[in-house]
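Protein chains: 2
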Amino acid sequence: MDSKRLAKYEARAKIIKAMAHPARLLIVDELSTAGERCVCELTEMIGSDMSTVSRHLAVLKGAGLVEDEKRGQMVFYRLRLKCILNFFDCVESVLACNAKSQQELLA
Amino acid sequence: MDSKRLAKYEARAKIIKAMAHPARLLIVDELSTAGERCVCELTEMIGSDMSTVSRHLAVLKGAGLVEDEKRGQMVFYRLRLKCILNFFDCVESVLACNAKSQQELLA
DNA sequence: GGCACAATTGGTATCTTAGCCAAATATGCA
DNA sequence: TGCATATTTGGCTAAGATACCAATTGTGCC
């Protein structure tokens, strides 16, 4: 793979990798409907340590998927782009396709 | 996070994680345009060991993204779904958005 | 200043992933 | 049968990801 093509796929992979975790998918999903959430709200939803959630948010921010804003002692996160929902539609159709194949194997 | 919601995000994460690698993105991209490719062709494009490529393909297959067919001594892989291209469109728009932000910082 | 709350960061243990080489398996052909 | 090619799998090691606790930073309030 030449270096230009590699750079292209690495850039894509970084973004995709940022979403490749259940907790981070919950965050993206939640932000897409709620608009914005502070770290403490997300922490309660996810149910793990706040330090862990903060690191997940840092990953999403590093990939450019979310942006943050500090208001008072809280930090609010929101999606930078809405198209991530299309993304999920595609993932769901893969899941549906897989489920169908599973059924055909049983039938 | 309740177990049902967790299961939903884990299923999604598995699929997304399967694409979260430059070599696997090249494979998906290539299959989306070429239709199908054997392991040796993909190995040459990627430029790493065939055993490595074979493992990447196994990851994609495990997530239900590709299917394989053995013909002769070769194994051909192809995409199970075409919608993965929409997927890339979204990733590209995140990249474009990031690039724009970078420029604004410089200006 | 001193305390409480929100969030991030350092440190560390643990698990997973990725890569290579070598070995095993499968197919085609002489 | 024997050899070459295509692919997968086992074994190993290095690198990366994840989670927790503890410590630190920043803000608001008394």
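Chains A and B supply the protein sequences, listed in that same order.
So the first sequence is numbered by my numbering: it starts at -13 and just counts up by one.
So the second sequence is numbered by my numbering: it starts at -13 and just counts up by one.
Note that beta-carbon positions come from the ideal geometry of N, C-alpha and C, so glycine has one too.
These figures come from a predicted structure and were not determined experimentally.
Quiz item: Quick one: Cα of Arg23(A) to Cα of Val14(A), how far?
Solution: Between the C-alpha atoms of Arg23(A) and Val14(A) there is a straight-line separation of about 10 Å.
Exercise. Return helix, strand or coil for Lys68(A), following the three-state DSSP convention.
Key: coil
Quiz item: Skipping 5 residues on each side, what residues in its chain have a beta carbon closer than 6 Å to that of Met36(B)?
Solution: Thr29
Self-check item: Beta-carbon neighbours of Tyr(-5)(B), restricted to chain A and to distances below 7 Å
Solution: Pro8, Leu11 and Leu12
Quiz prompt | Own chain, CB closer than 8 Å to Lys68(B), minus 5 neighbours either side, in chain order | solution = Ser18
Exercise. Hey, could you find the ends of the beta strand (DSSP E) Leu54(A) is sitting in?
Key: Sequence inspection shows Asp at residue 54(A); the Leu mentioned does not correspond to that position. Val52 to Arg57 is the extent of the beta strand (DSSP E) around Asp54(A).
Practice problem: Kindly indicate which three-state DSSP category Met60(A) falls into: helix, strand or coil? | Solution: strand
Quiz item: Can you tell me whether Gly33(A) is buried or exposed, with buried defined as 16 or more other CB within 10 angstroms of its CB?
Solution: Exposed: under 16 other Cβ atoms inside 10 Å.
Exercise. Under 8 Å by Cβ, that's how I've got Asn97(B) and Gly50(A) pegged, so tell me the actual separation to the nearest angstrom.
Key: Outside the shown range of chain B, which is -13 to 93, sits residue 97(B), and nothing can be said about it.
Quiz prompt | Minimum C-alpha distance to Glu53(A) - residue among Gly21(A), His7(A), Lys(-10)(A) and Lys0(A) | solution = Gly21(A)
Quiz item: By Cβ distance, which residues of its chain are closer than 7 Å to Ser40(B), with the 5 residues on each side in sequence left out?
Solution: Here the set comprises Val25.
Quiz prompt | Nearest residue (CA-CA) to Glu16(B), options Glu90(B), Val80(B), Ile70(B) and Lys56(B) | solution = Ile70(B)
Self-check item: Spatial neighbours of Met60(B) in its chain, beta-carbon cut-off 8 Å, leaving aside the 5 residues before and after
Solution: Cys24, Val25 and Cys26
Exercise. List the residues of chain B that Ala(-1)(A) touches, going by C-beta distances under 7 Å, in chain order.
Key: Ala6, His7, Pro8 and Leu11
Quiz item: Who are the near neighbours of Phe74(A) in its chain, counting only those whose CB is closer than 7 Å to its CB and skipping five residues on each side?
Solution: For Phe74(A), there are no CB contacts under 7 Å within the same chain when 5 residues up- and downstream are skipped.
Quiz item: Would you report the Cα separation of Arg57(B) and Ala44(A), rounded to the nearest angstrom?
Solution: Arg57(B) and Ala44(A) have their C-alpha atoms some 46 Å from each other.
Self-check item: Cβ shell of Arg10(A) (< 8 Å), same chain only, five flanking positions each side left out
Solution: Ala4, His42, Val45 and Leu46
Quiz item: Around the C-beta of Leu91(A), are 16 or more other C-beta atoms found within 10 angstroms, so that it is buried, or is it exposed?
Solution: exposed
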